[in-house]
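Student:
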Amino acid sequence: MVRRYKRFLVDVCCADGSMLTAHCPNTGAMTRCDVAGPEVWCTVSDRVSRKYPCTLEVVCAGEHRIVVNTGIANIVVAEALHEGFVAELNGYSNVNCEVRSPLGGSRFDLSLSGGESPACFVEVKSMTLLGDDGAGFFPDARSERARKHLEELAALKKAGHRAALIFCVQLTGIRRVGVAEWIDPEYASAVRDAVRIGVEVYALASNVNELGVSISRRLPFEIRGLIA
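All letters in the sequence shown, in the order written, are residues 1 to 228 by this note's numbering.
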């Protein structure tokens, strides 16, 4: 990768020395992920209407592989829930995508229905910020939208539904998960409040290779004053 600019674009130097411009599907800060130099993996669309046929998917930084396409997180988490990867969320027959909150307001990434337990609404957050000693953090920039979603999850829990926050770890070197309180203290406070109310928090690591991305294992989640 040569450079990222205009949020949505990256210039990439191909193996043959030619240059191309690819679409960047991550509009966030991409802290420590958008530096020039690392090898990147792109996919190519056959849609002739696309101005930029290539999409940036993965950045290879040293020994780590970082999935920068945030849309992949929802897909692999939905697949993992279908397969019963999170035992606490088993027992539902349906995994639904982009579901409107019954209380109004935002759409949630996923919902689980068709079980004996109350419907469970799930918000998925893609995590790519690596700290010290294998610790991963979210968010990588202040996010009022993320805090709003968390507050809406808490409201659903209070209304009698199940609610879950799933951190989908998209950097292969992360071994445990926390909240970047020094970046967004309001979000960290909202996480604590949500957990105390009963919102469930899970962290799932990803396997990333040339064949694709899949959930590989669960990771511990910790935040000062709480452990989930």
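Backbone N, C-alpha and C define an ideal beta-carbon position, used for all residues, glycine too.
Would you check if the distance between the CB atom of residue 154 and the CB atom of residue 193 is smaller than 8 angstroms?
Tutor: Yes. Within cutoff.
Student: Note down, in chain order, each residue of its chain lying with its Cβ closer than 7 angstroms to the Cβ of residue 198, except the 5 sequence neighbours on either side.
Tutor: For residue 198, where only same-chain residues beyond five positions count, the Cβ hits under 7 angstroms are 157.
Student: Taking the C-alpha atoms as reference points, what is the distance between residue 230 and residue 118?
Tutor: Since the first residue of the chain shown is 1 and the last is 228, residue 230 is not available in this structure.
Student: Using a Cβ-Cβ cutoff of less than 8 angstroms, which residues in the same chain neighbour residue 43 once the five nearest sequence positions on both sides are dropped?
Tutor: Around residue 43: 54, 55 and 57.
Student: Quick one, are the C-beta atoms of residue 90 and residue 113 less than 8 angstroms apart?
Tutor: No, the pair does not count as a contact, with Cβ atoms beyond the cut-off.
Student: Are the stretch 124-138 and the stretch 166-184 touching, with three or more C-beta to C-beta distances below 8 angstroms?
Tutor: The stretch 124-138 is in contact with the stretch 166-184.
Student: Counting beta carbon pairs with one atom in the stretch 64-74 and one in the stretch 142-153, are three or more of them shorter than 8 angstroms?
Tutor: They do not touch, by the three-pair rule.
Student: Exposed or buried, what is residue 100 when buried is set at 16 or more other beta-carbons lying within 10 Å of its beta-carbon?
Tutor: Burial call: exposed.
Student: Would you tell me roughly how many angstroms separate the C-alpha atoms of residue 18 and residue 208, rounded to the nearest one?
Tutor: Rounded to whole angstroms, residue 18 to residue 208 spans 26 angstroms at the Cα level.
Student: Are the CB atoms of residue 175 and residue 134 nearer to each other than 8 angstroms?
Tutor: Yes.
Student: Could you tell me which of 61, 9 and 152 sits nearest to residue 190, measuring between CA atoms?
Tutor: The candidate whose alpha carbon is nearest that of residue 190 is 152.
Student: Using only the alpha-carbon positions, how far apart do residue 52 and residue 29 sit?
Tutor: Taking the straight line joining both Cα atoms gives about 21 angstroms.
Student: Nearest to residue 219 by CA position, among 12, 210, 201 and 213, is which residue?
Tutor: Answer by Cα proximity: 201.
Student: What residue range is occupied by the uninterrupted beta strand (DSSP E) comprising residue 82?
Tutor: Not the beta strand (DSSP E): residue 82 falls in the alpha helix (DSSP H), residues 71-82.
Student: Counting only runs that start and end within the stretch 77-153, where is the beta strand (DSSP E) found for 3 or more residues in a row?
Tutor: Here the runs fully enclosed are 94-100, 107-113, 120-127 and 135-138.
Student: Smallest Cα separation from residue 77: which of 50, 110, 60 and 47?
Tutor: Of the candidates 50, 110, 60 and 47, the one whose C-alpha sits nearest the C-alpha of residue 77 is 110.
Student: Quick check on the DSSP output: the beta strand (DSSP E) that includes residue 218 runs from which residue to which?
Tutor: Segment 212-219, the beta strand (DSSP E) holding residue 218.
Student: Rounded to whole angstroms, what's the CA-CA distance from residue 144 to residue 138? Just pull it up for me.
Tutor: Cα-Cα distance, rounded: 13 angstroms.
Student: Would a C-beta distance cut-off of 8 angstroms place residue 40 and residue 59 closer than the cut-off?
Tutor: Closer than 8 angstroms, so yes.
Student: Let me make sure I understand the geometry here. Which of 195, 106, 186 and 205 has the alpha-carbon closest to that of residue 177?
Tutor: Here the closest residue by C-alpha is 205.
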